[in-house]
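Chains A, B and C supply the protein sequences, listed in that same order. The first sequence begins at 1252 in this note's numbering and counts up one residue at a time. The second sequence begins at 3 in this note's numbering and counts up one residue at a time. The third sequence begins at 90 in this note's numbering and counts up one residue at a time. Note that the Cβ used here is the ideal one computed from N, Cα and C, for glycine as well. One structure below.
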Amino acid sequence: MGAGHAHKLYRHGHSPVHALPAHCKIAAVFCFVLVVVSTPREAVWAFGLYALLIAAAAGAARVPAGFLLKRLLIEVPFVAFAVLMPFVAEGPRVHVAGLGLSVSGLWGAWNILAKGTLGVAASVLLASTTELRELLLGLQRLRMPPLLVQIASFMIRYGDVITDEMRRMRIARLSRGFEARGVRHWGVLAKSAGALFIRSYERGERVHLAMVSRGYTGTMPVIDATTATRTQWTRAAVLPLAALAVCLLGWTL
Amino acid sequence: MDPLSTTTPAPAPSLHVSGLAYAYPDGHQALFGVDLTVARGERVALLGPNGAGKTTLVLHLNGILEAGAGSVAVAGLPVAKGNLAEIRRRVGIVFQDPDDQLFMPTVREDVAFGPAAAGLRGAELDARVTEALTRVGMADFADRPPHHLSFGQRRRVAVATVLAMRPEILVLDEPSSNLDPASRRELADILRSLDVTVLMVTHDLPYALELCPRSVVLSGGVLVADGTTQDLLCDEELMRNHRLELPFGFDPRSVTVPR
Amino acid sequence: MHVPDGFINAPVSVATGALAAAAVAVSLRGARRELAGTGQGGGAGAERTAPLAGLVAAFIFAVQMLNFPVAAGTSGHLLGGALAAILVGPYTGVLCVSVVLLMQGVLFADGGLTALGVNITDMAIVTTVVAYGLFRVLVKVLPRSRRSITVASFVSALVSVPAAAVAFTALYALGGTADVPIGKVFTAMVGVHVLIGIGEAAITALTVGAVIAVRPDLVHGARGLTAPLELRTSPLTAADAAPAAAATPVPAPAATAPRRSVRRVWLAGLAAALVCAGGISYYASASPDGLEKVAHDQGIDAKARDHAAKDSPLADYSVKDITDPRLSGGLAGVIGVGATLAVGTGVFVVLRRRRNAADARPTAAGAPAERV
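What follows is the structure, given as structure tokens:
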């Protein structure tokens, strides 16, 4: 995973959505999801409208539907949970095809599926139109503590390096005829994990030396200071504001 | 310029190490009194077997380790707590593993890190970054993440990250390790084209011969030899005593050193 | 276990978000202290924090992908909270796991953005704090040796995963959007996560053991151990320098100070464990296990064989001769904790006695050191 996965998620492009500053997009997606989550689940049509909004945003970003749908697969474990719900929940039951299903369980399942899917779709849209580095800078501009941003960017930078090391260790194990097949082999895997930790930590110490050698004193120099114009904020706000309107309708109707 | 250099008519040497001794906190002593002077513009190879104290010496040059005894001065400025920021600007260390050195998400940001930490901003910073990347032939890769580059390209960017600070002296730790012959030659061309003082820590004796007219041998925590690289490499007894070995079939006498 | 959007309602999401932000802020300060270290450069904590915490976060990220095979065809993966807390300390642990969760949420849409607070509270804060607290208590109670560190890692990782499940259930009880009874969620979550916890515990303990064997100085949780470990003498010099060895003050004075309060902590921990086990099982047993129920409803348990321990007094977590199901469930929990403790204590008494006997033979001076 690591950055390796991340730039697979990112789709290079020059759409209006790509051009928006990252912090506007992050704020917009966050507000959108917040609005979706606070919509009453009985307003089924509202979720349809939200889906249309996301589809419109994806269209503006020129992200193909197939790409978006494929990325939604990450949700699958919770879909399983949602599918179980009608069987487990209590309250009055309806009978569909010979199975007794709880009404409130069905609503609960619908609630999780709809809101979860919309949330994932919005996040995927954000990640596929914003470069990794931009995302981190955007978080920093949204007042996330700089130290946290630094840690996150180191994690992204070295995620690949460490994953590579892990892969090489696995290949080394395989080359010597070892294949983890069951509980008996946990010891070997754990030794690899231990070695990986030591390597990671020592690399951290070396990176620190390299940074100090170039004058690092605890704060990252701010190299670019992008600011968003009023128009950019307005454009980014279209999605959550439209969603808010739908949400308010959902509460009143 | 600085107060010390006014006492001597000639410019202060790029590096002046005298009587340097150091013991690690665990009691293991690595350096036992090292004296070394590198004049401005010189290219010197620091040779020595594993565990001779080469890396320990390098970490003293920019004040990461504090001398137990003796002193280090860079272009006349002593390495001491008060002027570490300036010392670290003057001494550019290129570490062995470029993945340790290139810690920023893009090449451009990484090269900008040092000058930006020193307070440079805006167009001046951009110009500095472009200049450094051009000197190592990596200007086209400015916006790439470092892990997408080949090992040789990463090493060159690592050199650019310290060149961007306009250092007085460039210290390279095993610059030729893990490079294929072409990358090795490209790096040598780059290093030769630079007009900075170079101290190169290496096991790669032919590389030292190719690049550095002068070599010093560090063994057991003291300098045991100092002379022209060709003379040192031809001194079989010295080589044997300090675990220095030439690659198979390489005869330093037969080489005409490019100058 | 990454909670998506819409699973927990908005107020609880916001509240946990605030809790997570506060915890991360505290951790940022704590991590500076933990990572200050005395290594090369010996710089202030702040400048070491970013690279070291970043690399540890990357490590956790990678280790979460290390699948360990459980049985034919299935495999699990590490959550890493307990491992991080033991290896680098609780603050850095919370920080690193939080950063991993943040990045997973923002970059991979794994875990909802609005559920970030829930996810951090649950998986970063609860696992790490529970694991580290338990680990410290165990390390103080158990004899000072590397084996104890491994045992303590195992137990704390084992408990941390169901603890996260309990925390999740609590959040669900406060702000769950589906109408599933809490008892069912609880039993299903805890039941599944006890199983996950066993894998987590084994891998965590083995990993900590592997690191301790090579770089004991890097294991935050074993820092107190390094001083006594330096006392080992080779059999050759021990014979020559026997008087010198005897003269050295063997029991570290620093180690005796915390011992005084240990008994109290130990008793408090025991009481807490019993109360939790009793109280929680009391509620847990109120409804049958969620998965069992599902299985029963679907009729797929027709062929399922009875549990091997069905006839043991603790089968199905209820005591046979007590009719009130809640009360008997609670009692079963208490008995379970008691039995675990008894077995554990027995094992340690035996191990310690054996080690002391072994030490007594080569050098008389070594034995008191081990008994600290």
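Member of the options whose CA lies at the smallest distance from the CA of residue i
i         : options                                       : result
ALA75/B   : GLY223/B, ARG186/B and ILE171/B               : ILE171/B
ARG137/C  : ILE1402/A, THR1478/A, MET1417/A and ILE1422/A : ILE1402/A
SER1266/A : LEU1377/A, ARG1408/A, LEU1300/A and GLY1410/A : LEU1377/A
GLY43/B   : ALA114/B, VAL224/B, SER195/B and ALA160/B     : SER195/B
GLY50/B   : VAL19/B, ILE66/B, GLU238/B and GLY223/B       : GLY223/B
SER16/B   : VAL198/B, GLU88/B and ARG110/B                : VAL198/B
LEU280/B  : ALA160/B, ARG216/B, LEU63/B and PRO169/B      : No answer is possible for residue 280/B: the residues shown for chain B start at 3 and end at 261.
CYS1282/A : GLY286/C, LEU202/C and LEU108/C               : LEU202/C
ARG110/B  : THR57/B, GLN98/B, THR132/B and PRO208/B       : THR132/B
PRO215/B  : SER221/B, LEU201/B and VAL226/B               : LEU201/B
ALA139/C  : PRO1343/A, GLY1445/A, ARG1262/A and MET1471/A : MET1471/A
PRO270/C  : MET1336/A, LEU1324/A and ALA1307/A            : MET1336/A
ASP253/B  : ARG245/B, LEU181/B, LEU234/B and ASN243/B     : LEU234/B
VAL40/B   : LEU165/B, SER20/B, ASP182/B and ALA120/B      : SER20/B
LEU167/C  : VAL244/C, PHE197/C, GLY272/C and THR296/C     : THR296/C
THR163/B  : SER152/B, ILE95/B and VAL219/B                : ILE95/B
PRO93/C   : ASN1362/A, PHE1448/A, MET1462/A and LEU1499/A : ASN1362/A
ARG1292/A : ILE97/C, MET192/C and HIS91/C                 : ILE97/C
PRO179/C  : ALA291/C, SER116/C and VAL274/C               : SER116/C
MET167/B  : LEU220/B, ALA120/B and PHE105/B               : ALA120/B
THR1468/A : ARG90/B, LEU79/B, ASP28/B and ARG158/B        : ARG90/B
LEU193/B  : PRO13/B, VAL138/B and ARG92/B                 : VAL138/B
ALA253/C  : ILE292/C, ASN208/C, ALA277/C and THR216/C     : THR216/C
LEU181/B  : PRO13/B, ALA87/B, GLY35/B and GLN98/B         : GLN98/B
ASP191/B  : TYR209/B, GLY55/B, ALA114/B and VAL218/B      : TYR209/B
LEU190/C  : THR1380/A, GLY1501/A and ILE1407/A            : ILE1407/A
GLY288/C  : GLU1453/A, ARG1435/A and ILE1305/A            : ARG1435/A
ALA198/C  : GLY1501/A, GLY1356/A, LEU1323/A and LEU1304/A : LEU1323/A
LEU1492/A : ALA1365/A, SER1355/A and ILE1305/A            : ILE1305/A
VAL173/B  : LEU225/B, ASP128/B, HIS62/B and SER185/B      : HIS62/B
ALA142/C  : GLY286/C, VAL186/C and PHE243/C               : VAL186/C
Enclosing alpha helix (DSSP H) for residue i [first to last residue]
i         : result
SER116/C  : 99–125
MET1417/A : 1397–1426
THR462/C  : Chain C is shown only over 90 to 461; residue 462/C falls outside these bounds and no answer can be derived.
SER245/C  : 235–264
LEU122/B  : Unbroken run through LEU122/B: none, as it is neither H nor E.
ASP101/B  : 100–103
SER1355/A : 1354–1380
ILE292/C  : 271–303
VAL186/C  : 179–197
ASP211/C  : Premise fails: ASP211/C is in no alpha helix (DSSP H) and is neither H nor E.
Cβ-Cβ separation, residue j to residue i (assumed contact under 8 Å), whole Å
i         : j         : result
LEU33/B   : LEU22/B   : 6 Å
PHE1280/A : ALA1360/A : Sequence check: residue 1280/A is Val here, not Phe. The pair is not a contact, with the Cβ atoms about 25 Å apart (cut-off 8 Å).
ARG1450/A : VAL1439/A : With 8 Å as the limit, ARG1450/A and VAL1439/A do not qualify as a contact, their Cβ atoms being about 17 Å apart.
GLY1370/A : VAL1268/A : The pair is not a contact, with the Cβ atoms about 18 Å apart (cut-off 8 Å).
SER496/C  : LEU223/C  : As shown, chain C starts at 90 and ends at 461. That puts residue 496/C outside it, with no answer to give.
VAL218/B  : ASP206/B  : At roughly 15 Å, the Cβ-Cβ gap does not stay under 8 Å, so VAL218/B and ASP206/B are not in contact.
ARG92/B   : LEU213/B  : With a Cβ gap of about 21 Å, ARG92/B and LEU213/B do not count as contacting.
Bounding residues of the beta strand (DSSP E) (the contiguous stretch that carries residue i)
i         : result
GLY21/B   : 17–25
ALA271/B  : For residue 271/B there is no data in the structure shown, the boundaries of chain B being 3 and 261.
MET202/B  : 199–203
HIS62/B   : From DSSP, HIS62/B is part of no beta strand (DSSP E) but of the alpha helix (DSSP H) over 56–63.
ARG216/B  : 216–221
ASP228/B  : 224–230
HIS1346/A : 1344–1347
Could you run through the stretch 1304–1330 of chain A and flag, in chain order, every residue whose CB is less than 7 Å away from some CB of chain C? ARG1322, ILE1325, GLU1326 and PHE1329
Anything in the stretch 290–304 of chain C with a Cβ closer than 7 Å to a Cβ of chain A? List those residues in chain order, please. ALA291, ILE292, LEU295, THR296, ALA299, VAL300, VAL303 and ARG304
Against chain A, which members of the stretch 174–193 of chain B pass a CB distance test of less than 8 Å? none
Closer than 9 Å, Cβ to any Cβ of chain B: which residues of the stretch 1402–1419 of chain A, in chain order? SER1404, PHE1405, ILE1407, ARG1408, TYR1409, ASP1411, VAL1412 and ASP1415
What are the residues in the stretch 58–89 of chain B lying within 7 Å of chain A by C-beta distance? ASN64, ILE66 and ALA87
Using a Cβ-Cβ cutoff of 7 Å, what residues of the stretch 199–218 of chain C are near chain A? List them in chain order. ASP199, GLY201, LEU202 and THR203
The stretch 137–152 of chain C: which residues have C-beta closer than 9 Å to a C-beta of chain A, in chain order? Residues ARG137, THR138, ALA139, PRO140, LEU141, ALA142, GLY143, LEU144, VAL145, ALA146, ALA147, PHE148, ILE149, PHE150, ALA151 and VAL152.
Restricting to runs no shorter than 4 residues, where is the alpha helix (DSSP H) found entirely within the stretch 1441–1483 of chain A? none
Chain A contacts made by the stretch 187–198 of chain C, where a contact means CB separation under 9 Å: SER187, VAL188, VAL189, LEU191, MET192, GLN193, GLY194, VAL195, LEU196, PHE197 and ALA198
Which residues, in order along the stretch 101–125 of chain B, keep a beta-carbon less than 9 Å from a beta-carbon of chain A? For the stretch 101–125 of chain B, which is checked against every Cβ of chain A, the residues closer than 9 Å are ASP101, ASP102, GLN103, LEU104, PHE105, MET106, PRO107, THR108, ARG110, GLU111, ALA114, PHE115, GLY116, PRO117, ALA118, ALA119, ALA120, GLY121, LEU122 and ARG123.
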